[in-house]
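Read through the structure below, which is laid out as structure tokens, and then see the notes.
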Amino acid sequence: MSAEFMSVYLLIWPVIVAGVLAVLVRAFFKEMMAARREGRPII
Amino acid sequence: MQLQQLGTPLTIFLLIMFFGATFVVTLSIGKKNENADAYMTAGNNVGFGVSAASMTATWIWASSLYASATSGYTYGVSGPIHYGLWGALMILFIYPFGRRIRKLAPNAHTLAEILHARHGRASQLILAGSNVMGSLLSLASNFIAGGALISIVSPLSFSSGVLITAAGVLLYTLWSGLRASILTDFIQVCAMLGAVVIIVPAVFLASGGIGVFETGRSNLSPEQLDFFSSDAFFNQGAPYIAAVLAYAIGNQTIAQRLFAVREDKIKMTFLTATVGYGATVIGVGMLGVLALYLGVEPINGDMNNLVPQLAASYLGVGFMCLFFIMIIGSMASTADSDLSALSSIMMTDVYGRNIAKPGCANPKHMLFIGRVTMIVATGIAVYIASNRLNILELLVLVGAIWGALVFPVIASFYWPRVSNLAFTSSVLVALAVFFPVRFGFVELTGVSAYVADVLAVFGVGIIAGLMVFGFLGARIGIAVGVVIAAISMPYGIGFLHTYPVLTASLLAYAVSALVCTAVSLANKVEFDFKQIRQATGNFDEEPVLS
Chain C
156 MSAEFMSVYL
166 LIWPVIVAGV
176 LAVLVRAFFK
186 EMMAARREGR
196 PII
Chain S
4 MQLQQLGTPL
14 TIFLLIMFFG
24 ATFVVTLSIG
34 KKNENADAYM
44 TAGNNVGFGV
54 SAASMTATWI
64 WASSLYASAT
74 SGYTYGVSGP
84 IHYGLWGALM
94 ILFIYPFGRR
104 IRKLAPNAHT
114 LAEILHARHG
124 RASQLILAGS
134 NVMGSLLSLA
144 SNFIAGGALI
154 SIVSPLSFSS
164 GVLITAAGVL
174 LYTLWSGLRA
184 SILTDFIQVC
194 AMLGAVVIIV
204 PAVFLASGGI
214 GVFETGRSNL
224 SPEQLDFFSS
234 DAFFNQGAPY
244 IAAVLAYAIG
254 NQTIAQRLFA
264 VREDKIKMTF
274 LTATVGYGAT
284 VIGVGMLGVL
294 ALYLGVEPIN
304 GDMNNLVPQL
314 AASYLGVGFM
324 CLFFIMIIGS
334 MASTADSDLS
344 ALSSIMMTDV
354 YGRNIAKPGC
364 ANPKHMLFIG
374 RVTMIVATGI
384 AVYIASNRLN
394 ILELLVLVGA
404 IWGALVFPVI
414 ASFYWPRVSN
424 LAFTSSVLVA
434 LAVFFPVRFG
444 FVELTGVSAY
454 VADVLAVFGV
464 GIIAGLMVFG
474 FLGARIGIAV
484 GVVIAAISMP
494 YGIGFLHTYP
504 VLTASLLAYA
514 VSALVCTAVS
524 LANKVEFDFK
534 QIRQATGNFD
544 EEPVLS
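Order-wise, the sequence lines are chains C and S.
Per this note's numbering, residue 156 is the first one in the first sequence, and the count goes up by one each step.
Per this note's numbering, residue 4 is the first one in the second sequence, and the count goes up by one each step.
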């Protein structure tokens, strides 16, 4: 395996993690705003 | 190379900030309407964002980050995959069973409680007992990870680190139980995932970047350079597949989130947690591969030092603080889940369904029992952690014991002919076979080796069949199980017994499946699954308002 392949193989995971984090944060704040509008706690 | 230290004042400051922030967040949880059911299930109505964050945070624990890096360091480029990918896929494979369980018992609190409704006390206590054992060990393991980290990055001792982390987790979990655990999981998952996004590339670049993979290639054996290493699969991947499927079924922390999430969000929650867990754990595991290329030797030969050592070698104070929060976050998120799980088991399975008279469980007593359980469990876990027992080995053992439970538990939720006798006898016989093989009391040679291999191959078929069964039903599941077992047979017979840890786990699956099936076939009485819903209702009369 080339050094370039190994570098991509190592760095791809933080990129995927960043994507998941974005999904989670977006969903959380959406739920928080909805809960606030309806006057109830998020959980 | 000199290791970067944070120093005592900065370490204490970070811990106060972390646990202080999580505690402040729990103060937002309404306490006036706190009740026993909400303490255990958070009202069964948690949204996708919070649930997925919580599921991800719970499944990622400090030991899994260290173990993935160890796997990368030991087995080379495929090592992190053989830890993280299988662990992630198990969340996915457990999803269809989760939906079925939730459909059968929408208001349940624990898996063992459902087994009580399905079979009776013996089955319930077998599962509850194994859950208590697993959660206590998991709790201790997380405290050890916290103590070890604090002792490496600061002048504080290991014991002080264990005590600080235990007190911090107990502080915010004690009052609101699962709701505190789930809500704080969001902050913890942000800290963990955010840190992985920054730290993995930072260590890579600081240690030399792309050039490391050129210059360090000679540090790896051909097997470690092989992406399809059979050594990595048979020593790490295969036993882990067997153990993790059992973990997902037998672990109350996952079941608890399954009961908490809104029913229409179960699929999205499980899918997101699968990707989040896999990428995070494999990403940190790549630090182990990097350490291998760099020729790093773990301090004192202890693999648990590898990741902190790498961070302390290549990161400055700012990144070290991030790294510190990542590990403390992973530790705390799983530890608070374990405390919630343990309290639910004691509240529901010990008091609610066994000590209190039917229909007379006092929710106030339950809350008190739950909180006392958390304090006692923390004390026991601190004691275990302080004595530095080999927790990972014990956890693998518990996972393998859960292997004996997987088939009987799943079959109990789908097949009406599975009886209490079928469940308990299959688990006990499987354990009776598992222990002598696992601990080498029976030498696997000649006929015994042959029999073990045949059964182990059958166990491979059972695992494959169960995974497919959840998604595609019994016929296809059985067909896939038979095909996989047939394909494995020529390779497995004469070979599998040379890996006793793997063989013992596979035997647990195979024997429990065979006995459970045989006893169930002899039983002509069919169970009405509708009874489960009625027998697993709420303890509180009033619905949860806050």
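All residues carry an ideal CB built from backbone N, CA and C; glycine is no exception.
Within chain C, the residues whose beta carbon sits less than 7 Å from that of S:Arg182 are Ile198, listed in sequence order. Remark: C-beta atoms of S:Phe542 and S:Pro366 approach each other more closely than 7 Å.
Nearest neighbour of S:Ile331 by Cα position, chosen from S:Ser133, S:Gly449, S:Val156, S:His368, turns out to be S:Val156.
Going by DSSP, S:Thr61 is part of the alpha helix (DSSP H) stretching over 51 to 62. Around the CB of S:Gly497, fewer than 16 other CB atoms lie within 10 Å, so the residue is classed as exposed.
Here S:Gly197 really is in contact with C:Leu176; their C-beta atoms are around 6 Å apart, less than 8 Å. An exposed status is given to S:Gln537, since fewer than 16 other beta-carbon atoms sit within 10 Å of its beta-carbon. Rounded to whole angstroms, the Cβ separation of S:Asn307 and S:Tyr69 is 5 Å, and the two are in contact under 8 Å.
Contact annotation: in the stretch 66 to 81 of chain S, residues whose CB is within less than 8 Å of a CB in chain C are Val80. In the DSSP assignment, C:Val163 is bridged to no other residue. For S:Thr283, the chain C residues whose C-beta falls within less than 7 Å of its own C-beta are Val172, listed in chain order.
By the neighbour-count criterion, in which 16 or more other beta carbons inside 10 Å mark a residue as buried, S:Val278 falls on the buried side.
Here S:Ala338 really is in contact with S:Asn145; their C-beta atoms are around 4 Å apart, less than 8 Å. Membership of S:Ala384 in the alpha helix (DSSP H) is indicated by the continuous run 366 to 389. Residues Thr176, Gly180, Leu181, Ser184, Gln259 of the same chain have their beta carbon placed closer than 7 Å to that of S:Ser343, with the five preceding and five following residues left out of the count. Annotated three-state conformation of S:Val528 is coil, per DSSP. By the rule that beta-carbons nearer than 7 Å mark a contact, C:Met161 touches chain S. Shown here, S:Val421 sits in coil according to DSSP, grouped into three states, outside any helix or strand.
In the structure shown, C:Val178 adopts helical secondary structure according to DSSP, grouped into three states. S:Val264 has S:Val49 as its beta-bridge partners, per DSSP. Annotation for S:Ser333: Ile63, Trp64, Ala65, Leu68, Met195 place their beta carbon closer than 7 Å to its own, counting only its chain and skipping 5 residues before and after. Taken atom to atom, the span from the alpha-carbon of S:Val421 to that of S:Val409 is near 13 Å. Judged by beta-carbon spacing, S:Asn222 lies beyond the 7 Å limit of S:Gly540, meaning their Cβ atoms are not closer than that value.
Under the Cβ distance rule, S:Gly240 does not count among the residues neighbouring chain C, no pair being separated by less than 7 Å. Contact holds between the stretch 77 to 93 of chain S and the stretch 239 to 253 of chain S, because three or more Cβ pairs, one in each stretch, are under 8 Å apart. With 16 or more other Cβ atoms from the protein chains shown falling within 10 Å of its own Cβ, S:Gln239 counts as buried. Per DSSP, S:Asp339 is one residue of the alpha helix (DSSP H) stretching across 320 to 347. Around S:Gly52, the beta-carbon contacts reaching into chain C at under 7 Å are Leu179, Ala182, Phe183, Lys185, Glu186.
Per DSSP, the unbroken alpha helix (DSSP H) holding S:His119 starts and ends at 114 to 121. Chain-order list of chain C residues neighbouring S:Ser31: Pro196, by C-beta distance under 8 Å.
Residues Asp341 of the same chain have their beta carbon placed closer than 6 Å to that of S:Ser141, with the five preceding and five following residues left out of the count. Taking a C-beta distance under 7 Å as the contact criterion, S:Val432 and S:Val514 qualify as a contact pair. The stretch 157 to 173 of chain C makes contact with the stretch 209 to 219 of chain S: 3 or more CB pairs, one atom from each, lie closer than 8 Å.
Note that the C-beta distance between S:Met323 and S:Leu9 is below 7 Å. S:Arg121 and S:Ala525 have their C-alpha atoms roughly 18 Å apart.
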